[in-house]
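Using the UniProt record's numbering, the first residue of the sequence shown is number 1, and each one after it goes up by one.
In this text, a Cβ means the ideal position worked out from N, Cα and C, and glycines have one as well.
If you're wondering where the values come from, they're calculated on a predicted model, not measured in any experiment.
Encoded as structure tokens, the structure appears first; notes follow it.
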Amino acid sequence: MTQTPDILCIGSVLWDVIGRTASHMRAGSDVPGRISRIPGGVAMNIAMTLKRFGLQPALLSVVGRDAQGNALIDEAQSLGLICDHLYRSDDLPTDIYMAIEAANGLIAAIADAHSLEAAGDKILRPLADGRLGRADAPFAGSIALDGNLTEELLRTIATSPLFAAADLRVAPASPGKAERLLALIGHPSATLYVNLEEAGLLCQTAFDDSAAAARALIARGAHRVLVTDGGDAASEALGGDVITAAPPPVLVTRVTGAGDTFMAAHIASERQGLDRPASLARALQAAATYVSGDTPL
Numbered sequence: 001m002t003q004t005p006d007i008l009c010i011g012s013v014l015w016d017v018i019g020r021t022a023s024h025m026r027a028g029s030d031v032p033g034r035i036s037r038i039p040g041g042v043a044m045n046i047a048m049t050l051k052r053f054g055l056q057p058a059l060l061s062v063v064g065r066d067a068q069g070n071a072l073i074d075e076a077q078s079l080g081l082i083c084d085h086l087y088r089s090d091d092l093p094t095d096i097y098m099a100i101e102a103a104n105g106l107i108a109a110i111a112d113a114h115s116l117e118a119a120g121d122k123i124l125r126p127l128a129d130g131r132l133g134r135a136d137a138p139f140a141g142s143i144a145l146d147g148n149l150t151e152e153l154l155r156t157i158a159t160s161p162l163f164a165a166a167d168l169r170v171a172p173a174s175p176g177k178a179e180r181l182l183a184l185i186g187h188p189s190a191t192l193y194v195n196l197e198e199a200g201l202l203c204q205t206a207f208d209d210s211a212a213a214a215r216a217l218i219a220r221g222a223h224r225v226l227v228t229d230g231g232d233a234a235s236e237a238l239g240g241d242v243i244t245a246a247p248p249p250v251l252v253t254r255v256t257g258a259g260d261t262f263m264a265a266h267i268a269s270e271r272q273g274l275d276r277p278a279s280l281a282r283a284l285q286a287a288a289t290y291v292s293g294d295t296p297l
């Protein structure tokens, strides 16, 4: 029997292959460490965190009909995520992300998310065919959307009646894809979650702090934004009102997935009735706990 989701997570669902070492690294370094393969991708990371906060997320993405895809879906279902609406492709392989993290941060990463881009709007079919909504009765809940989608598809989403009633929460997949979110800047219900670098790319400038970045994004036409800045203060702006809070200081042991954890914790906090300052503080705490290594992968 199909479960009813509390929130939809649309975007990348793939395997993360992460190499981590306690050593400092530079180009050409060869050091001991640990290599793990875990469920990942922005949509998956957000969904896993939402589940830990007591929500019931459903995934909308593409997963290949290959051994890697079958194993990924088995893992996602074991975590309690709804996978009924995933698009399964006979021709496209399951996507994968590979990264190397060291004591001095993220050293390098490659995202092989070509299947998600190739699938295009096929992943949105459940929002149109009556399973989750229709054009004349669009999905009216929360949607977490990631910037791994093509710019063309994000432009379609910005004006699509299928998203007209949704509480849309949006994050870029990486700084390299941040400018894709320009298509959603004017969306009347979209909340953008970006870091300081991504905010600068969207505004074509550099910012000294998150509050200035948040104000600039609102001035550019964004409905609502949250801007993080690593271990420095983060800010949320809604209209002309900007609030700022500092994350708790922690020893950083991992970085991949931290922004997704922040976004999911913030969404969950608001759905559970916390006000804006409390939601921001809880999201910062969740992200800090994650990067310190104190939460499950």
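Exercise. What residues in its chain sit with their C-beta under 8 angstroms from that of residue 177, if we drop five residues either side in the sequence?
Worked result: 147, 148
For this session: Quick one: residues in its chain with C-beta nearer than 6 angstroms to the C-beta of residue 283, no 5 flanking neighbours on either side, listed in chain order?
Result: 262, 265, 266
For this session: Determine the closest residue to residue 42 out of 173, 238, 191, with distance taken between C-alpha atoms.
Result: 173
Problem set entry | Segment limits, alpha helix (DSSP H) that includes residue 260 | 258–271
Exercise. Taking the C-alpha atoms as reference points, what is the distance between residue 91 and residue 33?
Worked result: 35 angstroms
Problem set entry | residue 7 to residue 132 span [Cα, whole Å] | 11 angstroms
Exercise. So what's residue 203 in DSSP terms, helix, strand or just coil?
Worked result: helix
Exercise. Between residue 263 and the ligand NAP, is the CB less than 7 angstroms from at least one heavy atom?
Worked result: By its list of ligands, the structure shown contains no ligand whatsoever, and the ligand NAP lies outside what it can speak to.
Exercise. Helix or strand or just coil, what does DSSP make of residue 231?
Worked result: coil
Exercise. With distances taken between CB atoms, is the gap from residue 228 to residue 234 smaller than 8 angstroms?
Worked result: yes
Exercise. Residue 285 to residue 242, Cα distance in whole Å?
Worked result: 19 angstroms
Problem set entry | Minimum C-alpha distance to residue 224 - residue among 232, 231, 213, 230 | 213
Problem set entry | Length of the line joining the Cα atoms of residue 180 and residue 168 | 16 angstroms
Problem set entry | First and last residue of the uninterrupted beta strand (DSSP E) at residue 194 | 190–195
For this session: Could you tell me if residue 211 is buried or exposed, where buried requires 16 or more neighbouring beta carbons within 10 angstroms of its beta carbon?
Result: buried
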